[in-house]
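Beneath this line is the structure, given in structure tokens, with notes to follow.
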Amino acid sequence: MMYLFLGVSIIADRFMASIEVITSREKEITVTKANGETSVGTVRIWNETVSNLTLMALGSSAPEILLSLIEVCGHRFQAGELGPGTIVGSAAFNMFVVIAVCVYAIPAGESRRIKHLRVFFVTASWSIFAYIWLYLILAVITPGVVQVWEAFLTLLFFPACVVFAWAADKRLLFYKYVYKRYRADPRSGIIIGAEAERPPKDVEADGGFPAPAPPPEPEGSAASPSPTPEERELDESRREVIQILKDLKQKHPEKELEQLVDAANYVALVHQQKSRAFYRIQATRLMTGAGNVLKKHAAEAARRSPAAPGEEDEEEEEDEACSRIFFEPCLYHCLENCGSVTLAVACEQGVGANQTFYVDFRTEDGSAKAGSDYEYSEGTLIFKPGETRKELAIGIIDDDIFEEDEHFFVRLLNLRVGDAEGMFEADNEEHPKGKLVAPLVATVTILDDDHAGIFGFRERSVRVSECQGKVEVTVVRSSGARGTVMVPFRTVEGTARGGGVDYEDASGELEFRNDETAKTLQVKIVDDEEYEKKENFFIELGPPRWLKRGISGTGTPGGHPGVTQGSPRGDEDDEDEGREERLPSCFDYVMHFLTVFWKVLFACVPPTALLGGWAAFGVSILLLALLTALIGDLAAHFGCTLGLKDSVNAVVFVALGTSIPDTFASRVAALQDPCADASIGNVTGSNAVNVFLGLGLAWSVAAVYWAAQGRPFLVPPGTLAFPVTLFTIFAFLAIGVLLYRRRAPIGGELGGPRAPKVLTAALFLLLWLLYVLFASLEAYCHIQGF
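Right under this line is the structure:
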């Protein structure tokens with residue numbers, strides 16, 4: 001049976017991959033500001049919360065949902081114990097064991113908080129209400145009978161839960177009555193507003209991750225309407241990319257510009273918030289020896305087009321005669337001392353086009369200002385018939401001041417159609433001969449070259465004889481030499497003893513003046529005229545600092561001078577790449593050979609690139625249903641062999657087998673995601689979806705069947721009422737503990753100091769063991785149920 005569970009995890013991996021492709025579809029949006037400026041970006045079509053509660057939850061809970069439906073249909077529409085028991089048992093395992101694993105998995109001293117606390121409140125409330133509702137319809141409203149309206153209402157609670165969660169995510173209905181707090185962003189100075197509880201506050205509604213607000217409009221400009229969520233997401237993404245590039249350049253100033261851009265793209269992919277499907281696929285691949293999915297995900301993301309397949313072709317077929325003019329590419333990076341940066345503008349000539357196109361361009365300030373950082377420029381580009389590319393150069397102004405990297409914009413505007421003599425003609429608005437298309441605005445980032453440099457030793461080891469009396473060590477300064485910098489140093493004992501025994505202790509500071517690239521320090525060696533083995537000691541460099549009388553460092557966002565300490569060879573990068581490209585371990589080989597049968601069997605699943613992922617979605621859910629039906633029969637035989645009741649078998653073994661992939665996925669999400677939403681929020685959402693879809697769908701089918709026969713659909717309350725009530729009580733306690741952990745001493749639902757972390761994990765595991773114990777005792781009539 002465990003081997004079948006392994007197969008389920010693999011086909012669920014394919015299923016989640018198709019869902020990831022479906023929900024990651026993007027569209028282009030054009031943001032128009034009050035001053036008429038426009039910018040183009042891409043946003044996801046699917047709302048993150050909606051996708052997590054619909055397709056994502058369906059993918060992670062598909063085995064439980066299908067098992068419940070198949071059991072009802074296979075037992076002649078009689079209520080069984082295996083399917084419903086698996087759903088309730090899986091909910092208990094997710095709520096207690098999975099969260100306990102996530103709490104304990106966080107490294108010491110770190111914590112994770114839920115970012116979208118409003119959505120968590122909604123999904124947690126619906127999760128608990130789902131099981132209270134089960135108790136009501138089984139033991140209170142119509143004991144032992146599930147009527148048609150009850151079954152359909154259970155099913156309809158699913159879209160209601162999704163709508164409420166979406167409203168909470170969009171801050172609708174009650175957000176205007178929520179107390180607000182404001183703060184200034186330390187990097188940009190932008191005033192940011194976020195909801196918060198009225199002081200004194202213990203729980204912040206946004207978990208300390210407020211959404212950035214747009215900068216205020218300059219005086220004299222028209223008042224701009226409040227930005228849409230898409231506009232805020234686009235602005236935030238741009239700021240994140242620029243900040244990542246700054247941090248990488250500060251850390252590795254010796255790298256070429258192209259290397260920095262590639263590294264920034266990869267860092268953005270690694271640190272961006274990922275979906276539940278991503279972590280589920282990642283965990284399954286690690287379990288089955290398939291390796292890390294990050295690099296494959298990066299390649300697919302690079303190839304993925306913002307538009308759906310076929311949409312661009314349709315647009316081109318509709319207007320093949322129209323020429324299109326745009327920046328290609330639209331992002332540029334240059335060093336401050338480059339003199340000028342060259343931008344390329346492309347013209348895709350339409351079919352049979354023989355016109356001359358005139359398009360204006362002009363520079364616009366961003367954080368870089370015309371006259372001090374770059375030369376203001378405007379002009380007209382002329383595309384004659386057959387010309388497909390034009391270049392324009394913008395002058396960059398160099399200075400000797402250390403400053404943050406800055407950016408400005410170049411915009412295309414005022415397209416005109418004419419002839420070679422400069423005579424313009426009117427264009428048809430419905431079928432234009434030419435038009436400006438996105439990207440209309442190019443962003444140029446000026447990378448500051450006034451870096452203080454990297455400090456390290458010229459030689460990693462120096463050999464010296466005792467009789468020489470002293471040793472000279474050279475400290476070199478590479479990748480920049482701006483400003484006066486003090487580099488502290490000190491000797492550290494190894495096998496050789498300091499304090500005048502083998503050498504005399506030395507400490508102090510080396511002063512590197514502007515453009516000075518090397519300094520020498522001396523350490524006295526003591527010759528004791530005794531035979532000794534080879535001995536060693538170390539010289540350690542401390543954090544460099546700007547000298548106040550030299551060039552005053554503007555400072556990095558963290559408040560430290562722009563000085564980097566380390567080796568210019570990039571050993572750290574080599575280690576990272578080595579970890580990413582590590583050889584397969586013994587566990588990888590074993591799991592690969594164990595799962596090769598399933599991998600070959602499921603090779604018939606179409607690639608996710610076909611039909612936007614829907615082909616893989618349909619085939620994988622069909623195979624998942626067949627395998628789940630086999631698991632249902634095998635689990636019944638397994639319980640019969642051991643003498644277990646179906647309810648106990650479902651709560652313990654079947655729920656455990658179907659939840660193992662989710663356990664690994666939640667652990668990976670807890671470690672890799674900066675927030676706790678992917679590991680905790682989706683647990684509560686999946687529990688609600690399990691009831692509303694798993695039981696609602698199966699019971700609706702059975703209730704309609706028996707209603708057509710003129711008979712009621714009987715569901716003995718003892719099979720579900722007691723474990724449901726037990727789970728509800730324990731779930732209230734668990735959620736209360738999680739919310740209490742958000743207080744200052746711990747600071748988050750996951751992780752924190754070692755003592756609270758261990759106690760929380762132990763408490764959650766104890767709740768699950770008590771749940772299994774009491775449910776089993778009630779099933780065997782050792783304690784009285786309802």
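With full-length UniProt numbering applied, the sequence shown covers 1 to 786.
Note that CB positions come from ideal geometry on N, CA and C, so glycine has one too.
Span of the alpha helix (DSSP H) around residue i
i      : result
Pro723 : Ala721 to Tyr740
Pro159 : Val148 to Asp169
Cys102 : Ile99 to Ala105
Ile132 : Leu117 to Tyr135
Leu697 : Gly696 to Ala708
Ser647 : Asp646 to Asn649
Limits of the unbroken beta strand (DSSP E) element including residue i
i      : result
Met591 : No beta strand (DSSP E) holds Met591; the alpha helix (DSSP H) holding it covers Cys586 to Leu601.
Val487 : Val485 to Glu493
Tyr332 : Leu331 to Leu335
Phe538 : Phe537 to Leu541
Glu391 : Arg389 to Gly395
Leu436 : Gly434 to Leu436
Residue(s) in a DSSP beta bridge with residue i
i      : result
Ser478 : Ile454
Val471 : Val523
Cys347 : Ile325
Arg112 : Leu750
His407 : Thr445
Gly379 : Phe361
Trp546 : Val485
Tyr503 : Ile525
Lys757 : Lys757 pairs with nothing; no bridge assigned.
Gly613 : Paired residue(s): none; Gly613 is not in a bridge.
Tyr374 : Ala370 and Ile396
Arg416 : Tyr358
Phe713 : Val146
Glu509 : Pro488
Ser90  : Answer is none; Ser90 lacks a bridge partner.
Ser61  : Note: Ser61 sits in no beta bridge, so no partner.
Val341 : Ile394
Ala636 : Answer by DSSP bridge pairing: none, since Ala636 is not bridged.
Ala518 : Val476
From the options, residue whose alpha carbon lies closest to that of residue i
i      : options                           : result
Glu64  : Arg458, Cys781 and Ala625         : Ala625
Ser367 : Thr123, Glu511, Phe512 and Thr443 : Thr443
Val101 : Arg118, Ala151 and Ile660         : Ile660
Asp633 : Ile114, Ser620, Val619 and Ala650 : Ala650
Gly456 : Leu415, Val492, Leu6 and Leu510   : Leu510
Val341 : Leu331, Cys322, Ala393 and Cys330 : Ala393
Asp528 : Ser507, Leu521, Lys534 and Val501 : Val501
Val148 : Val715, Ser478 and Ala755         : Val715
Gly736 : His592, Leu412, Leu521 and Leu763 : Leu763
Ile396 : Arg513, Val88, Ala160 and His333  : His333
Val758 : Arg741, Leu773, Val724 and Val473 : Arg741
Leu413 : Ala636, Val163 and Phe361         : Phe361
Glu71  : Leu773, Val704 and Leu695         : Leu695
Ala167 : Ala17, Asn47, Ser90 and Lys435    : Asn47
Ala452 : Glu504, Leu440, Leu547 and Ala438 : Leu547
Gly434 : Phe722, Val410 and Lys384         : Lys384
Gly751 : Ser111, Asp588, Arg324 and Glu364 : Ser111
Leu67  : Ala636, Trp614, Val523 and Ala139 : Ala636
Inter-residue CB distance, residue i and residue j (contact presumed, cutoff 8 Å)
i      : j      : result
Asp373 : Glu348 : At roughly 32 Å, the Cβ-Cβ gap does not stay under 8 Å, so Asp373 and Glu348 are not in contact.
Val50  : Gly612 : Going by Cβ atoms, the distance from Val50 to Gly612 rounds to 17 Å, so no, they are not a contact pair.
Leu134 : Val691 : 6 Å
Leu130 : Ala775 : According to the sequence displayed, residue 130 carries Ala and not Leu. So it is not a contact: roughly 18 Å between Cβ atoms.
Lys645 : Ala761 : Not confirmed; about 30 Å, so no contact.
Ala346 : Glu328 : 4 Å
Ser24  : Thr608 : 10 Å between Cβ atoms; not a contact.
Lys520 : Thr474 : The amino acid at residue 520 is misidentified as Lys; the sequence shows Thr. About 5 Å; that satisfies the 8 Å criterion.
Distance cut-off 8 Å: residue i Cβ against heavy atoms of the ligand GTP
i      : result
Ser372 : This structure lacks the ligand GTP; in fact it carries no ligand of any kind.
Discussion item. Measuring CB atoms only, is the stretch 96-116 touching the stretch 688-702, in the sense that at least three cross pairs come out at less than 8 Å?
Written reply: These segments do not touch.
Fill in: Stretch-stretch touch, CB-based, cutoff 8 Å, three pairs: the stretch 11-18 with the stretch 595-614
yes
Worksheet item: Does the stretch 729-737 come close enough to the stretch 104-119 to have 3 or more Cβ pairs within less than 8 Å?
Response: Judged by Cβ distances under 8 Å, the stretch 729-737 makes no contact with the stretch 104-119, as fewer than three pairs qualify.
Discussion item. Taking contact to mean 3 or more Cβ pairs, one atom from each stretch, closer than 8 Å, check whether the stretch 481-500 and the stretch 461-468 are in contact.
Written reply: no
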